[in-house]
Amino acid sequence: MSRLTRWLALLALVLGLAGCQTMQHVGDKLQGAVDRVMGSKGQKLDPWESWNRKVFAFNESLDEHVLKPVATAYSEILPSPIRTGIGNFFGNIGDAWSAVNLMLQGRFKAGLDQGMRVAVNSTFGLAGLLDVATEAGLEKNSQDFGKTLGKWGMGTGAYIVWPVFGPSSVRDSIGLPFDWKASPAVVFDDGKKKAGVLVLSAINTRANFLRASEMLEGIALDKYTFYRDAYLQRRGSFDDDDAVEVLVPGSGTHAPEPAASEPAALPADPASAAAR
């Protein structure tokens, strides 16, 4: 187990033992800090639309001239089973980070189930190349630190589009460095290997969205607005297959929340599919 993984597991345990009230307090503090810095802008949907549209156009151009052609060639060269195996391997690492976030959210049963999924795929699934856990009934429950902050009570905040990384929000931008540290490259120490894994992950992810992005070309009158609304809807809800434990503002208790349906799995921005 890497030093980072041990640190994250210890952090999850400490916060879990500290109790839900402590986690809510952390979320309130973060929300207060953002509000003090940004004022009312942090509560608006898209206060930086002019900037966001310019960055969106840059990302679209990057995708059109670089990422999409490479992903298209990649999908034509590598057979589908190999691409699926690569995606499963990266997904297995992501599942480990999801398990940590579920624990940080105080959802211990879901976190243990996700941890069991990682263990099953890592052993019986050939280091994650095969997704045998899903066949065994252990479904994927993707979580990141942005959603953890949301569970702690921090609002989504204003919409932001970052170069290369694509759509985000104030809350998700705060969580992005933590998610980046837990990306698939975390399993490698060598700088060149890290870079290679990140590039492979980006190309493989973009290749999986080739059909979806082509479909959107004909149905979205304003792609920027479509991607923005889809992103904010998806990130503003917490999807689960049964009742979700959410931290109720102003209390240290949990309350059930109905499962929210998430829109179709489309990339919020073609270029950002590579960065996430």
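Read in order, the letters of the sequence shown are residues -23 to -1, 1 to 253 in mature numbering (1 follows the signal peptide of the UniProt record, and there is no 0).
Glycine included, C-beta positions come from ideal geometry on N, C-alpha and C.
- In the three-state DSSP reduction, Ser146 falls in the strand class (E or B).
- Contact between the stretch 58 to 74 and the stretch 104 to 120 is present, with at least three C-beta pairs closer than 8 Å.
- Separation of Gly105 and Trp139 (C-alpha to C-alpha, rounded to the nearest whole angstrom) is 31 Å.
- Burial check for Ile196: the Cβ neighbour count within 10 Å stays below 16, so the residue is exposed.
- C-alpha of Asn118 to C-alpha of Phe35: approximately 32 Å in a straight line.
- By the CB criterion at 8 Å, Gly88 and Ala76 fall inside the cutoff.
- Tyr208 has its alpha-carbon roughly 27 Å from the corresponding atom of Asp90.
- The stretch 149 to 162 and the stretch 170 to 179 touch, with three or more beta-carbon pairs separated by less than 8 Å.
- Note on geometry: alpha-carbon atoms of Arg148 and Lys169 lie some 31 Å from one another.
- Nearest Cα to Asp40 within the set Arg211, Gly68, Phe186, Asp199: Phe186.
- DSSP places Val141 in the coil class of the three-state scheme, outside both helix and strand.
- With fewer than 16 other Cβ atoms inside 10 Å of its own Cβ, Gly114 counts as exposed.
- With respect to the 8 Å criterion, Ser178 and Phe85 are not classified as neighbours on the basis of their beta carbons.
- Taking the C-beta atoms as reference points, Arg183 is found no nearer than 8 Å to Tyr136.
- Within 10 angstroms of the beta-carbon of Ala48 lie 16 or more other beta-carbons, which makes it buried.
- The beta-bridge partner set that DSSP reports for Tyr136 consists of Ser146.
- Taking 8 Å as the cut-off, the beta carbon of Gly213 is found no closer than this to the beta carbon of Thr125.
- Bounds of any alpha helix (DSSP H) do not take in Met131, whose DSSP letter is neither H nor E.
- Within 10 angstroms of the beta-carbon of Met80 lie 16 or more other beta-carbons, which makes it buried.
- Ala73 carries a helical assignment under DSSP once its states are collapsed to helix, strand and coil.
- In this structure Asp156 touches Asp121 by the C-beta definition: roughly 5 Å separates them, less than 8 Å.
- When rounded, the separation of the alpha-carbon atoms in Asn29 and Thr100 is 43 Å.
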